[in-house]
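Since the structure comes first, as structure tokens, the remarks are kept for the end.
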Amino acid sequence: PILILDEATSALDSESERAVQAALDQLMQGRTTLVIAHRLSTIEGASRIVVLADGKIVEVGTHAELLAKNAAYANLHRLQFSV
81 PILILDEATS
91 ALDSESERAV
101 QAALDQLMQG
111 RTTLVIAHRL
121 STIEGASRIV
131 VLADGKIVEV
141 GTHAELLAKN
151 AAYANLHRLQ
161 FSV
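This is how it looks when you write it as structure tokens:
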């Protein structure tokens, strides 16, 4: 089975997002899941992250791999999580 989630938590506050994400984590077990998200906290645990820019794939990897590349994903991460 394949599960597709398109911005599933985009309109939620942080507390609601955590609750929905926990439920989605259970729902995704044993399924191939395609998650479309701008909020990186939604996808940090993904086995593979594909970063798009201008309709093209610019990076592919895990959260840690993409942070280590210090390119597009790392820049987005800094923007979303800097204090």
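The numbering used here puts the sequence shown at residues 81 to 163.
Even for Gly, the Cβ is constructed at its ideal location relative to N, Cα and C.
Since the model is a prediction, treat every value here as computed from it, not as a measurement.
Spatial distance of residue i from residue j (CA atoms)
i: S96; j: A152; result: 28 Å
i: V115; j: E87; result: 7 Å
i: L120; j: L147; result: 12 Å
i: L71; j: L85; result: Because residue 71 is not part of the residues shown, which for the chain are 81 to 163, the question remains open.
i: H143; j: A91; result: 23 Å
i: R128; j: G141; result: 5 Å
i: R160; j: H118; result: The sequence shown places Gln at residue 160, not Arg. Looking at the two C-alpha atoms, the distance is approximately 10 Å.
i: I123; j: N150; result: 17 Å
i: S94; j: V100; result: 10 Å
i: R158; j: I82; result: 31 Å
i: V130; j: E145; result: 12 Å
DSSP-derived helix/strand/coil call for residue i
i: L146; result: helix
i: D105; result: helix
i: E124; result: coil
i: A133; result: strand
i: E139; result: strand
Legend entry - the segment 87-106 in contact with the segment 136-145 per 3-pair CB rule at 8 Å: no
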